[in-house]
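Just below is one structure, and these are the notes that go with it.
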Amino acid sequence: MFTSEPQILALTSTALPVLGFLGMWFGLVAAQASCVCMMVYTFVRTDQKRQAKRAKELTLAAAGDEGDLEDSLLH
């Protein structure tokens with residue numbers, strides 16, 4: 788444990804066996820649910836058309852830079 792205070796240790800040792808394996812599953816499900824909620828929120832709030840345009844611009848810029856580098860190495 789992270790502490791040696793008797794009251795906290797008594798409360799923790801009382802609660803942990805009660806929650807046990809089922810409590811672990813409730814915690815895992817709660818974590819997954821919060822993750823899904825945040826992903827849905829982010830997806831809904833994202834401007835998909837703007838992000839697609841930005842990705843296209845970035846890939847075109849990267850493709851253009853590679854061509855110039857190869858030309859400078861060959862000549």
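The sequence shown begins at 788 in the working numbering and counts up one residue at a time.
Glycine included, every Cβ here is placed at the ideal spot set by N, Cα and C.
Straight-line spacing of the CA atoms in R837 and C824 works out to 23 Å.
In the displayed model, T801 falls within a helix according to three-state DSSP. For the pair L809 and R832, the Cα-to-Cα distance works out to about 35 Å.
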